[in-house]
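See below for the structure under consideration.
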Amino acid sequence: MNLFVEFGKMEDLDAGCDEVQNLVKKVQNFITEHFYNCTDKILAVLGRMYSGGGSMTENIDAVGGIGTAEFASKAIEIYCGSKNI
114 MNLFVEFGKM EDLDAGCDEV QNLVKKVQNF ITEHFYNCTD KILAVLGRMY
164 SGGGSMTENI DAVGGIGTAE FASKAIEIYC GSKNI
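The numbering used here applies: residue 114 is where the sequence shown begins, and numbers increase by one.
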C-alpha cells in the first residue's frame, strides 16, 4: 500500500509523465517479485479493478487520499496502452 501513498502524492502530475509511469512499473515489479508474474495484461486488469469501486478502491483511497485509486488506474491504463495491451 506504500506505493499507493506515492500515487497519492503525485495526483497533481499528469498520469502519463515519466515519474508516474515509473511508479506504475515499480508496482508491476513489486507484484512480480512478491506474488506472481504480473504481465502487462494482468496489470491492465488490476488497474481497472483499482478504480472499480468496493473495498479495493476504498483501501487505496484510504492510504493515498480520495481519488488515488482512479489516478493509479489512469496511470496504469496509459502505461499498458503504450504497449498496445
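Where a beta carbon is used, it is the ideal one built from N, C-alpha and C, also for glycine.
Where residue i falls: helix, strand or coil (DSSP)
| i | result |
| --- | --- |
| G129 | coil |
| C151 | coil |
| S164 | coil |
| I173 | helix |
| E119 | helix |
Whole-Å CB distance - residue i paired with residue j, under 8 angstroms assumed
| i | j | result |
| --- | --- | --- |
| L101 | L156 | In this structure the chain extends from 114 to 198, so residue 101 is not present and cannot be described. |
| G166 | E124 | Not confirmed; about 19 angstroms, so no contact. |
Within 7 angstroms, strictly: CB atoms of residue i and residue j
| i | j | result |
| --- | --- | --- |
| S186 | S164 | yes |
| G160 | F120 | no |
| V133 | L126 | yes |
Buried versus exposed call for residue i [16 or more other C-beta atoms within 10 Å across all chains shown]
| i | result |
| --- | --- |
| C130 | exposed |
| V158 | exposed |
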